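Same order as they appear, the protein sequences are chains A and B.
Take my numbering: the last position of the first sequence gets the number 162, and nothing is skipped along the way.
Take my numbering: the last position of the second sequence gets the number 1296, and nothing is skipped along the way.
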Amino acid sequence: MMFLRHSGGWVILLSFVIALLLDSIALPVWADRFRPNWPALALIYWSMALPHRVGIGSGWVLGLLVDAAKGSLIGQNALGFALIAYLTIRTHRRIRVFPLWQQALSVMLFLLCNQLLIFWINGMIGYPPRDWWFLTPVVGSMLFWPWVFIVLRDLRRHFLVS
Amino acid sequence: MAQIKSNENKPLFTFAVSANIRILVFALSSIALMTLDHRYHHLEALRNALSTLIYPLQYTVQIPFDISRRLYENLASHQEILAENKRLQQQQLFINAQLQKLTSLEAENRRLRALLDSSTALRERVLIAELITVDFDPYRHRIMINKGTYHGVNIGQPIIDQHGIVGQIIHANIFTSSAILITDPNHALPVQVNRNGLRTLAFGTGKFAELELPHVPNNEDIREGDILITSGLGGRFPRGYPVAQITRVKFDPGHPFARISARPTTQLDRIREVLLVVSEPLPEADSLAIGPYKQP
């Protein structure tokens, strides 16, 4: 078994659970519009740091859970999250060595792809976007990326997740 | 990491190739799932399973809010509680007085309907539910509530709150269910003008404070300030609940239909607790008391 050689899987799992918790806390409307996409941020971190452990498959499953939590079309966020994981894995060697602000910009790009994909699907099933508010979560995620990165990196080093 | 680097020497098993194949497989399966879910509604079982898996999380999220509310209740001053108690007592007195009249009217109504041999006599019971999440997409007006099939919720059940109609259930999971609000752009609701009984449909617009009535001809009698109630046609919503108030009527001679908007009587972006209406056939000889819904 490949899993036996890895360690600290519970840290990864716990970070996803916390991300899902943060994603479903009720917020007032103005804050909700800027709510970072926490599960996507956690997914980007882990598939960048440990691409051999967390990747497209894990992203897809996480997306299915988000779909169930939000009541959206089953497979919609799963597709978006698989895409995010794919983009991260294809570029993880470059992103790892970027300074934080440049990482945040890349994260914004990945999430923008995800958001455009999701709203494109919504448009197809009869919910075309009416204004530009659907882009604000991307900005929120970008602003929170450095903190997510630092916290998860320290956790990874402390618990020797590999 | 060493194992991955050694893999990179073989062209067939490089990271990039396997990532390309994987994204293709997962993208295709997502598309298949979405098609099944949207076109054929075959995935209720999968949705149920996933929702049950995620329910402990949603439950955990609620805990701090419950605690803070309980703390507030405990810490609120004696004076405040007394004042609130007094206010609620007065309110109850008032409502009871109205209810007396309603009870006799309802009895009379039932007698008349029995004379006419009509079968529309239904009794409505309610079940209180709390909001868990709202859809993060600002154009889809969907909410998730903390009651499911375990509590007797089923698909199509109407949802109200103290001010009027809120929406209806579209997915019923075991412990949670999701509902579509009347302002969702894909929702239409059969309504009636309370003043003269004019029947029409109220469509959602994607804005929480607006409904549209696109099918009212120019020569109809409808005015600003008219109250819309559910007409009970279509069989989903019980008859006679307030829905919205007309805010704007514009008769444009160039168009066959008037342009009418209405504001829902409920503030749909502020709701935290909702009531699920359970319609059940009236038993033969039973009191008319409207009590809380009891689980069968």
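Ideal Cβ positions, reconstructed from N, Cα and C, are used throughout, including at glycine.
As the structure is a prediction and not an experimental result, all values here were calculated from the model.
Chain B within 8 Å of residue i, Cβ atoms only
i: A/Ile-74; result: yes
i: A/Arg-130; result: yes
i: A/Gly-126; result: yes
i: A/Ala-26; result: yes
i: A/Arg-153; result: no
i: A/Leu-4; result: Residue placement at A/Leu-4 is poorly supported in this model, since its pLDDT is 47, which falls under 50; the coordinates are not used for a value here.
i: A/Ile-95; result: no
i: A/Gly-140; result: no
i: A/Val-17; result: yes
i: A/Asn-114; result: no
i: A/Arg-90; result: yes
i: A/Leu-111; result: no
i: A/Ile-121; result: yes
Residue i versus residue j - alpha carbon distance
i: A/Leu-23; j: B/Ala-1262; result: A small correction: the amino acid at residue 23 of chain A is Asp; Leu does not occupy that position in the sequence shown. Roughly 33 Å separates the two Cα atoms.
i: B/Leu-1057; j: A/Val-66; result: 11 Å
i: A/Leu-41; j: A/Ser-162; result: 19 Å
i: B/Leu-1082; j: B/Leu-1075; result: 13 Å
i: A/Phe-98; j: B/Ser-1178; result: 42 Å
i: A/Leu-14; j: B/Leu-1233; result: 49 Å
i: B/Arg-1069; j: B/Ala-1032; result: 44 Å
i: A/Arg-93; j: A/Phe-144; result: 22 Å
i: B/Gly-1204; j: A/Gly-75; result: 26 Å
i: B/Arg-1199; j: A/Pro-36; result: 44 Å
i: B/Asp-1184; j: B/Gly-1148; result: 21 Å
i: B/Leu-1043; j: B/His-1171; result: 11 Å
i: B/Val-1193; j: B/Asn-1218; result: 15 Å
i: A/Phe-169; j: A/Arg-153; result: Missing from the structure shown is residue 169 of chain A; chain A here goes from 1 to 162 and no further.
i: B/Ile-1169; j: B/Val-1153; result: 8 Å
Any C-beta of chain A under 8 Å from that of residue i
i: B/Tyr-1241; result: no
i: B/Val-1166; result: no
i: B/Ser-1178; result: yes
i: B/Ala-1244; result: no
i: B/Ser-1068; result: no
i: B/Val-1277; result: no
i: B/Tyr-1139; result: yes
i: B/Asn-1009; result: Confidence at B/Asn-1009 is low in this model, with a pLDDT of 46, below 50, so the placement of that residue should be treated as unreliable; the coordinate-derived value is given next. No, B/Asn-1009 does not count as interfacial toward chain A.
i: B/Asn-1146; result: no
i: B/Arg-1259; result: no
i: B/Phe-1026; result: yes
i: B/Ile-1155; result: no
i: B/Arg-1236; result: no
i: B/Asn-1186; result: yes
i: B/Leu-1071; result: no
Segment limits, beta strand (DSSP E) that includes residue i
i: B/Leu-1228; result: 1227-1230
i: A/Ala-26; result: Segment: none, A/Ala-26 is in no beta strand (DSSP E) and carries neither H nor E.
i: B/Gln-1245; result: 1242-1250
i: B/His-1171; result: 1164-1172
i: B/Arg-1142; result: 1142-1145
i: B/Ser-1178; result: 1177-1181
Buried or exposed by the 16-neighbour rule on C-beta atoms within 10 Å, applied to residue i
i: A/Val-29; result: exposed
i: B/Leu-1211; result: buried
i: B/Tyr-1040; result: exposed
i: A/Gly-71; result: buried
i: B/Leu-1282; result: Annotation note: pLDDT 48 at B/Leu-1282 (below 50); position unreliable, no value reported.
i: A/Ile-89; result: buried
i: B/Gly-1240; result: exposed
i: B/Thr-1035; result: exposed
i: A/Trp-10; result: exposed
i: B/Thr-1059; result: Before going further, note that residue 1059 of chain B is Tyr rather than Thr in the sequence given. It counts as exposed.
i: A/Trp-46; result: buried
i: B/Gln-1089; result: exposed
i: A/Val-107; result: buried
i: B/Gln-1079; result: exposed
i: B/Ser-1077; result: exposed
i: A/His-158; result: exposed
i: A/Val-148; result: buried
i: B/Leu-1071; result: exposed
i: A/Leu-20; result: buried
i: A/Trp-132; result: exposed
i: B/Pro-1253; result: exposed
Bounding residues of the alpha helix (DSSP H) (the contiguous stretch that carries residue i)
i: A/Ala-78; result: 76-97
i: A/Ala-42; result: 38-49
i: B/Gln-1090; result: 1078-1116
i: A/Arg-35; result: Where A/Arg-35 is concerned, there is no enclosing alpha helix (DSSP H), given that its DSSP letter is neither H nor E.
i: A/Ile-121; result: 100-124
Closer than 9 Å at the beta carbon, the chain E residues around residue i
i: B/Ala-1019; result: The structure shown contains no chain E; its protein chains are A and B.
Cβ contact (3+ pairs, closer than 8 Å) linking the stretch 1163-1180 of chain B and the stretch 1034-1053 of chain B: yes
Segment contact, 8 Å Cβ cut-off, at least three pairs: the stretch 100-107 of chain A with the stretch 57-64 of chain A: no
Touch test, the stretch 1248-1264 of chain B against the stretch 1209-1229 of chain B, Cβ-Cβ under 8 Å, three pairs minimum: yes
Segment contact, 8 Å Cβ cut-off, at least three pairs: the stretch 1093-1112 of chain B with the stretch 1126-1146 of chain B: no
The stretch 1263-1277 of chain B contacting the stretch 1149-1160 of chain B, beta-carbon criterion three pairs below 8 Å: yes
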